[in-house]
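Shown next, in structure tokens, is the structure this report addresses.
In the working numbering, the protein residues as written are 30 to 451.
Given below as structure tokens:
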């Protein structure tokens, strides 16, 4: 009993369900779950990248705000007594004062909450729920001397029936940013942390992971594994993390590993791999075979991204006063802007220019109308007037879950819309 009380006390002190974390101020470890794919595949890359700044972005800030809103809603649903409607509305009111607030966040976070509700209802009894649980990963991941022990913050953890179910909310809207839950190292690390936290209290045999991306069509990915498979992954993590924290091991440049690497613009291993494509030579036939096309596409998919990253790195170097032989930084094309549009238009009208000439009236796009009206109200009101046209064919890797299409349209038909606008 004393051991159980000790575990409960440590859980509560580690950011329990009665505490709401500040997403923007969280301290991320050098080897964090969020960049696990990078440091587990390309072990030297994270330490190599520490010499470069960690850039932020408006999309990241938007995602942080959406996470804060999602956390409030989930907390209100499961812990209504401590966090009732009045507190919920007061906190949401604070979030709405932020400059990057967007009303559409309300609908998308409702979708996330609805998914969590559906998962919770499948448990035989009410599951134990943790929201934004900070779980320790110190048993698996070492840390630098000036850092806190490794940890990760899981958006939602449900426990019961011998199951740990970890749910992660992602607010990105780009199809290229779709994340798969299957063997996802970030999710598996969260699950490991949850297991280490609760193993003395719960008998676990199954681990489930879900990624919810409500801004994408079919934006839910689910995967399940046994506890034994999760623990085997944990042993692999220990070996890879030990290499990564010392900056040792082999480089493994690739589209996914380089995507968020700080050193991606200057990495020699990435440069050498992409330059290899230029030396893929053949003799016969004069035209590429289907097999050769597939090989070129596979090996060359990172080339354009790599060149752009090198260009960005060179521009930053030039702007900081360094010299890149053969290149220089110059001012881009200037853009004219109004200093006071209202005053300018008033002056034009006083000079005899008709108001109708200065303004253009055009309807909002379907997406803009939905944003103004609200997702649910929009569907209920004008859903019957909407149809979905088949999207333009796109080439993706075979691992993509969308069904393949063949012989449905000719190339001319597929791209005739582009020709109209040329």
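Even glycine gets a Cβ: it sits at the ideal position worked out from N, Cα and C.
Residue 192: first and last residue of the uninterrupted beta strand (DSSP E) it sits in: As a first step, residue 192 must be located in the chain shown, where it is residue number 163. Start and end: 192-198.
In chain order, each beta strand (DSSP E) run of at least 3 residues that lies wholly inside the region 217-277: 235-241 and 249-255
For residue 162 and residue 237, the rounded distance between their alpha carbons: In the chain shown, the residue the question calls residue 237 occupies position 208. In the chain shown, the residue the question calls residue 162 occupies position 133. Rounded to the nearest angstrom, the two C-alpha atoms are 16 Å apart.
Collapsed DSSP secondary structure at residue 90 in the structure displayed: Counted from its first residue, the chain shown places residue 90 at position 61. Note: residue 90 maps to helix in three-state DSSP.
With 16 other Cβ atoms within 10 Å as the buried cut-off, status of residue 119: As a first step, residue 119 must be located in the chain shown, where it is residue number 90. Answer is exposed; the Cβ neighbour count stays below 16.
For residue 184, three-class secondary structure by DSSP: Position 155 of the chain shown, counted from the first residue, corresponds to residue 184. Of the three classes helix, strand and coil, the one that applies to residue 184 here is strand, per DSSP.
8 Å contact criterion, which residue 72 and residue 269 should meet: CB distance rounded: Taking the first residue of the chain shown as 1, we reach residue 72 at position 43. Taking the first residue of the chain shown as 1, we reach residue 269 at position 240. So it is a contact: roughly 6 Å between Cβ atoms.
Closest by C-alpha distance to residue 331, when choosing among 346, 304, 153 and 383: On the chain shown, residue 331 is found 302 positions in, with the first residue counted as 1. The residue with the shortest Cα to Cα distance from residue 331 is 304.
Cβ-Cβ separation, residue 198 to residue 141 (assumed contact under 8 Å), whole Å: Mapped onto the chain shown, residue 141 falls at position 112. Mapped onto the chain shown, residue 198 falls at position 169. That belief holds up - the Cβ atoms of residue 141 and residue 198 are roughly 5 Å apart, short of 8 Å.
Supposed close pair residue 465, residue 84 - CB separation, criterion 8 Å: One cannot answer for residue 465 here, as it falls past the ends of the chain, which runs 30 to 451.
8 Å Cβ cutoff met for residue 249 and residue 144: Against the chain shown, residue 249 aligns to sequence position 220. Against the chain shown, residue 144 aligns to sequence position 115. Yes. Within cutoff.
Buried or exposed (CB count within 10 angstroms, at least 16 for buried), residue 302: In the chain shown, counting from the first residue as 1, residue 302 sits at position 273. So residue 302 counts as buried.
Of the listed residues 183, 262, 203 and 242, nearest to residue 226 (C-alpha basis): As a first step, residue 226 is located in the chain shown; it is residue number 197 there, counting from the start. When only C-alpha atoms are compared, the closest one is 183.
Under the three-state DSSP convention, the category residue 208 falls into: Locating residue 208 in the chain shown gives position 179, counting from the first residue. Coil at residue 208, not helix or strand.
Rounded C-alpha distance that separates residue 111 from residue 217: Counted from its first residue, the chain shown places residue 111 at position 82. Counted from its first residue, the chain shown places residue 217 at position 188. For residue 111 and residue 217, the distance between alpha carbons rounds to 30 Å.
Residues bridged to residue 172 [DSSP beta-bridge criterion]: Position 143 of the chain shown, counting from 1, holds the residue named residue 172. Paired residues: none, contrary to the question.
Helix, strand or coil at residue 329 according to DSSP, with G and I counted as helix: If you number the chain shown from 1, residue 329 lands on position 300. Reduced to three states, the DSSP call for residue 329 is helix.
beta-carbon residue 300 near the ligand GTP non-hydrogen atom, thresh 7 Å: The ligand GTP is absent from the structure shown, which contains no ligand whatsoever.
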